[in-house]
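Below you'll find the structure, written out as structure tokens, and then a few comments.
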Amino acid sequence: MTTNARKSAKDELPKSRLFVPSASSRPGGTPDFSDLQIPEVGAADKPPIDVEACDTASLSEGLVRVLDDQGLAHGPWNPSLDPQTLRAGLKHMLHVRAFDDRMFRMQRQGKLSFYMKCTGEEAVATAQAMALRNSDMLFPTYRQQGLMFVRGRPVVDMMCQCLSNAGDTIKGRQLPVLYSWKDGNFFTISGNLATQVSQAVGWAMASAYKGEDDLAVAWVGDGSTAEADVHNAMLFASTYRAPVILNVVNNQWAISTPASFASAGMTFAARGLGYNLPSIRVDGNDFLAVYAVTQWAADRARAGMGASFVELLTYRVAAHSTSDNPDGYRAKDEAERWPLGDPIERLKDHLIHLGEWSEEQHTSLQEELASAVTNDWKEALTHGSFEEGPHWPLETMFDDVFKDLPDHLRHQRTLLMSES
Amino acid sequence: MTTNARKSAKDELPKSRLFVPSASSRPGGTPDFSDLQIPEVGAADKPPIDVEACDTASLSEGLVRVLDDQGLAHGPWNPSLDPQTLRAGLKHMLHVRAFDDRMFRMQRQGKLSFYMKCTGEEAVATAQAMALRNSDMLFPTYRQQGLMFVRGRPVVDMMCQCLSNAGDTIKGRQLPVLYSWKDGNFFTISGNLATQVSQAVGWAMASAYKGEDDLAVAWVGDGSTAEADVHNAMLFASTYRAPVILNVVNNQWAISTPASFASAGMTFAARGLGYNLPSIRVDGNDFLAVYAVTQWAADRARAGMGASFVELLTYRVAAHSTSDNPDGYRAKDEAERWPLGDPIERLKDHLIHLGEWSEEQHTSLQEELASAVTNDWKEALTHGSFEEGPHWPLETMFDDVFKDLPDHLRHQRTLLMSES
Amino acid sequence: MSTMNMTQAIRSALDCCMERDPMVLVMGEDVGYFGGVFRCTEGLYEKYGAHRALDTPISEGGIVAAAIGMGVNGLRPVVEMQFADYIYPAFDQIASELAKLRHRSGGEYWAPVVIRAPCGGGIRGGQTHSQSPEGIFTHVCGLKTVMPSNPYDAKGLLISAIEDDDPVIFFEPKRIYNGPFFGHEEESASSWSDHPAGEVPDTYYRVPLQSAKILHPGTEVTVLTYGTMVHVAEAAIRASGVDAELIDLRCLLPLDLDTIVTSVEKTGRCVVLHEATRTSGYGAELVAEVQEACFWHLKAPVERVAGFDTPYPHVFEWEYFPTRNRITGALQRAASCR
Amino acid sequence: MSTMNMTQAIRSALDCCMERDPMVLVMGEDVGYFGGVFRCTEGLYEKYGAHRALDTPISEGGIVAAAIGMGVNGLRPVVEMQFADYIYPAFDQIASELAKLRHRSGGEYWAPVVIRAPCGGGIRGGQTHSQSPEGIFTHVCGLKTVMPSNPYDAKGLLISAIEDDDPVIFFEPKRIYNGPFFGHEEESASSWSDHPAGEVPDTYYRVPLQSAKILHPGTEVTVLTYGTMVHVAEAAIRASGVDAELIDLRCLLPLDLDTIVTSVEKTGRCVVLHEATRTSGYGAELVAEVQEACFWHLKAPVERVAGFDTPYPHVFEWEYFPTRNRITGALQRAASCR
Ligand SMILES: Cc1ncc(C[n+]2csc(CCOP(=O)(O)OP(=O)(O)O)c2C)c(N)n1
Ligand SMILES: Cc1ncc(C[n+]2csc(CCOP(=O)(O)OP(=O)(O)O)c2C)c(N)n1
Ligand SMILES: [Mg+2]
Ligand SMILES: [Mg+2]
């Protein structure tokens, strides 16, 4: 063993000068979100859709907020949605939460191999899907299940994916929650972080190439913004002015790693400016603000003005996944200290304030959805359980590696089937 | 063949809406650098080294200039170098140019397999090397040969590398100009673009880890900023506040591809802001400005304030390499139209203006250097020519794959030696 | 019919496909206005426009990712990697995404992307302009891997690759772009115009993938190879005096194993030849398959002649290159086993 | 001496090296404060500080690049890839840079980087938490590739890897982190405390790289394997009734070929076994080497038992996994050849 060091490896070293970022809290400590400046509700101005990136600097460092703590909507970003739309949004969020809770419990009971919740982040996917056209192509991560609820995917289908049973449209190939739904223009979710973001830009480039006006919309987590694919996405989206919306869902954590290891000490939105992308930071727990910002970005892209970069500020209330326990790396009460509240409670208060909703309606809707999910689960199980099946026929394991089965796979399939 | 398209592949398509960037000129056209705003000499202000990234916005979009067209130096960035230093800088630049011209001609005569010049960019490497400490670690591209001239590498050694002869310190392993010079803290140049930039950040992190105060300094071309490594470098440099200087040498072209395919329509320096890196754009053909900006960034890093991002605005006057002919993709007279002149002429005028230099001295220095290079070339050839050798012993081909020769390579070496 | 070198044949294939299908485009570094550093896309920019002969930023990972998205949205992108040596920044998008899309989505999504990559040495390019990474791609399930050895095959195989609905990695041995190479640098360079496979139809035609070609029959030894080494092997066989059967694999995956097995069962001997480094190269797979399928017919060990396990050297290029001597030696060793 | 499972043994190796050499650090996603998703770096943050148990951004390419720079500047970084499936974004930095640094600089520069990567299936992880990419790395000259099969070897090999001046890709079969696995999921999980190799010294020791280990001698068939499959093979051999010699390769490159050849010359038969997909996997290299070196001793074709050439499935994990049946079948076919 030789050494590259100028001083011998065995010398005592002077104190390290390497800076290492810190976390909003660690177990036993008190959560500190003080570095998070939260501007006034309604304060952010709303630029025209032909805005230059450089003129969105304040929006990228600020925070678009519409709903205040009393449930009132303020400012130019208020999308002024009608009560039916608002109630639909609330229902979608409650549906997602009911679904998550049920699936989480089923995993704990050993019915699923794995599961991931989006608790506290429901407004992101639901409000954004509602602000888009169904023909717009979605490139999500594993935390945007809400997109499918808005576009009306049967809950049973999602459960069958999580069960990898005979009813799983992707043939039991993937881990639970790595959905794919072509009919809903919902892209196949990859286990490899961030790869979908730069693919979404290519999809959008093709849309422009063909003179079509459908958009691509991609999501990526705060931690995953560090991956090269996000850089590639921003650069290509800007270079070719692709009709795409690039969303960063900043839920403060990447498993045990705080956002400070990916943020470079800035807002994530601010990174978009350096790529000449109009960039906006929005309160991700504010259904109305998320809806309005998404609509604005979609209008830009459809009008041929190119891509936008959006940071959705939210908080991952639940564990990263069923394989994770946050008590090992963050203070137990961090979620309660999150200053931007809960997206469902906030929209509910707004509707109640408008006189369009009541505690009673809310409770009965929750019950209705809970029992709907229970029934869906029962039905899903009729297509098979994960352990006992029925599953897809074993030989289908060799399908779809290629469009047509090549000789060597046919040979391997014969081998396997002769054994079992 | 099936299709993914919503309309059949055979339909006529509507007009494409895909935006594709354009070039400053194409053959037959007139070069247009009008989108290049060139601020007043001396106008840029010089912030303290503890400046926040956000307060360098104007510096990242502007242009630090010290030398005007009359050869006068202006403004807060004037490094006020003494005449000896200025003459040394001029001599280094002339030496590099004399070297390039000779090596280029030798390649044309078939003496070298390949060569790359840095004509018009000489100020970048020479001024920067002079502003750094010799113990600072350099991670260059193939266009910073000037670094070695400043640090006093024997020209014969460089020629031997280009000849891959018995005197080549890297044993004939690499293409000409892919130098390595450990004694000069000059990193081995990779044929793979941009990989050195993120490695430089790791080197700098180690320097901080060990409590040492040496810096890493990296260079990358405008086109290569698109590579993921540059994103990784910026993110890691910012996250760990690494003592590194990240330089983008914007010479307007990446082989045939204009900088507009990598710039996203902004200055390159501006991209640094989104990573929270203080970022400065400097006239790369202005020896004094380059020196001053480098010194400023080095002071920051050494004081423990972390990384800086620097764009050096220059122009690639020569072909990309001896394998390239620019007449195929840009107007013949583009170089003459370059608004920032020639770095050697500009420093020469400055020295003459100071009364510290004369046309006569200049001509005789040019002749002196030309004949020095001629003698060096003769000496280099005594260590062998590329085609006839002598080269390193054939069996050394198997060395350095690993530190010690493993069995399978020993076996292969025996096989080869038994044949030849 | 015209005589074409390999770059012209490749350009002709691209032109045919772009003319027939508006969804086909070429993209990559310097492929647009300039027509590519090896000129393979020359003229396409003028003929089809900037969006169909698309210059890109220098980010191989970004290029392949964009191509995947385009493929999913109905286009058929033909990506050029400037050199195969520079394909690795795109490796994650190729191995984890492009190759797996169809399977992981249960057949819902797929991207018909072709990645062209000039490969191989013999051009004084040093270690970063000479590599032959084909073996790695044959280990990634979901990819097809092709390497033509002449202009006629290059055009026909490339058209098949572009119209194929699976992703294809299409390696182009740059040493033979302008003419066949028989392994000895000193010999005067020969041109495709003197070679039958330099006769190429101007019109559309396909050479099916997975169709190995017996270049000339023989009884004593079967030689398996592809790309540049096909021509070196031909010369070596002539020099060796061995009656060898030379098979140009053309497509490494899926592999035309039947043609190989039939031949080896006949000859009882086999030499596997490639330019790529030996250890875990594609030659290993060929040896493994041959000995498993033909064990009872083998009269001699299946020998590999391949690049040494070092980075491709600059100055020792011709010592490194699998020479005729090394091949003839292997042929004679094999033939001498009875 | 303590009984350790594999994660404890790995942590112990890291601890030993960090204690002896201030230049050693661990870095990667979630390896610092949290101690790694598989707990392999637990406690090191408290003991050595944030800069020596370094959390990183989620960019494998950036992590390896930084590690290379650190290595060049005197440190000995031990990088953790959270899963081997996620090593590809770093592939260019590994294959083009880390592996080639020393050669291309004529020996001037090198980086003693170890990359730890949990690999293999059997944990219901689906296609992106189950891959075995070791074969690819053995084709990249300049890298050493290691895969231990038990806690004792894991600690000794990891210490050797960290002190080695060449880059080492260190694969950890995650299925056996907590106990050996004999190939049948239904069987009650066994623990390392019941296994001799679960006895691990708390102190510093090395197991040399390139030292294949004969786990038990046999006369009829030589079985070559590594990692999890070592234990599956053991069970399969018992079930088969064949008197097989089981060799745990431990280090794939450089390979301890002598031990292999001596064994195969004795048994005359060989079965190669790995979890990775079959085509162009490391098994192909082993078959090629064995048949070339031992051809005249072989009484039967060298057979490969490997993963099928499909992405690792989620629901059909146990049908996909190379089962004891497939192995016993191969053993008996081989043994039956006289
Ligand atoms: C390329 C790659 N690297 C690492 C992982 C392992 N991994 C899975 S999720 C995760 C954290 C992602 O955090 P973030 O991007 O913030 O998304 P979130 O889970 O918070 O929604 C990591 C490191 C992976 N799946 N892919
Ligand atoms: C990873 C990689 N991709 C592509 C290439 C081929 N290539 C060599 S130089 C070059 C252009 C680089 O342009 P720029 O970064 O602007 O540097 P300049 O040559 O102008 O100094 C390209 C594409 C390479 N060497 N490495
Ligand atoms: Mg997160
Ligand atoms: Mg350039």
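Residue numbers (the numbering used here), protein chains in the order written: chain A, 14 to 433; chain B, 14 to 433; chain C, 6 to 343; chain D, 6 to 343. C-beta atoms are modelled at their ideal positions from N, C-alpha and C, and glycine is treated no differently.
- With 16 or more neighbouring CB atoms inside 10 Å of its own CB, residue 161 of chain B falls in the buried class.
- At a C-beta separation below 7 angstroms, residue 421 of chain B has these neighbours in chain C: 284 and 314.
- Below 8 angstroms, enough C-beta pairs join the region 271-282 of chain A and the region 246-266 of chain B to call them touching: three or more.
- DSSP, read as helix, strand or coil, puts residue 309 of chain C in strand.
- Assignment of beta-bridge partners to residue 272 of chain B by DSSP yields no partner.
- Beta-carbon to beta-carbon, residue 302 of chain A and residue 79 of chain A are separated by about 4 angstroms, close enough to satisfy the 8 angstroms threshold.
- In the DSSP annotation of this structure, residue 289 of chain A is not part of any alpha helix (DSSP H), being labelled neither H nor E.
- In the three-state reduction of the DSSP assignment, residue 150 of chain D falls in the strand class.
- Rounded to whole angstroms, the Cβ separation of residue 95 of chain C and residue 47 of chain C is 24 angstroms, and the two are not in contact under 8 angstroms.
- Under the three-state reduction of DSSP, residue 388 of chain A is assigned to helix.
- When A:321, A:322, A:323 and A:338 are compared, the shortest CA-CA separation from residue 329 of chain A is found for A:338.
- By the rule that beta-carbons nearer than 7 angstroms mark a contact, residue 77 of chain D touches chain B.
- Between residue 389 of chain B and residue 168 of chain B a beta carbon distance of about 4 angstroms is seen, short of the 8 angstroms cut, so the two are scored as contacting.
- In this structure, residue 205 of chain A lies near residue 101 of chain C, with their beta-carbon atoms less than 7 angstroms apart.
- At a Cβ-Cβ threshold of 7 angstroms, residue 132 of chain C and residue 317 of chain C count as neighbours.
- Annotation: the continuous alpha helix (DSSP H) that includes residue 268 of chain C extends over 262-272.
- In this structure, residue 186 of chain A has its beta carbon at no less than 6 angstroms from each heavy atom of ligand 2.
- Cβ neighbours of residue 166 of chain A within its own chain (closer than 6 angstroms, five residues either side excluded): 194 and 197.
- No heavy atom of ligand 1 is found nearer than 6 angstroms to the CB of residue 113 of chain A.
- Assigned with DSSP and collapsed to three states, residue 60 of chain D falls in strand.
- For residue 143 of chain B, same chain residues with a beta-carbon under 8 angstroms away, outside a window of 5 residues either side, are 98, 101, 102, 105, 163 and 304 in chain order.
- Annotation: residue 146 of chain A is outside any alpha helix (DSSP H) and is labelled neither H nor E by DSSP.
- Straight through space, the alpha carbons of residue 315 of chain D and residue 419 of chain A are spaced by roughly 12 angstroms.
- Distances from the CB of residue 234 of chain B to the heavy atoms of ligand 2 include at least one below 6 angstroms.
- At a cut-off of 7 angstroms between C-beta atoms, residue 187 of chain A counts as an interface residue with respect to chain C.
- With a cut-off of 6 angstroms, the C-beta of residue 264 of chain A is classified as near ligand 3, since at least one heavy atom of the ligand falls inside that distance.
- Shortest Cα-Cα distance from residue 304 of chain D to any of D:243, D:182, D:272 and D:334 involves D:272.
- Beta-bridge partners of residue 33 of chain C (DSSP): C:60 and C:85.
- Close to chain D, meaning a Cβ-Cβ distance shorter than 8 angstroms, are the following residues of the region 82-116 of chain C: 90, 93, 94, 96, 97, 100, 101, 105, 108 and 109.
- Setting aside the 5 residues that flank it on each side, residue 191 of chain B is surrounded in the same chain by 155, 202 and 204, each with a C-beta closer than 7 angstroms to its C-beta; the list follows chain order.
- Cβ neighbours of residue 371 of chain B within its own chain (closer than 7 angstroms, five residues either side excluded): 365.
- Annotation for residue 107 of chain C: 115 place their beta carbon closer than 6 angstroms to its own, counting only its chain and skipping 5 residues before and after.
- Proximity of the region 220-230 of chain D to the region 34-44 of chain D falls short of the contact definition, fewer than three beta-carbon pairs being nearer than 8 angstroms.
- Contact check between the region 173-184 of chain B and the region 404-412 of chain B: three or more CB pairs, one atom from each, fall below 8 angstroms, which counts as touching.
- Assignment of beta-bridge partners to residue 351 of chain B by DSSP yields no partner.
- A direct Cα-to-Cα measurement between residue 123 of chain C and residue 34 of chain C gives close to 13 angstroms.
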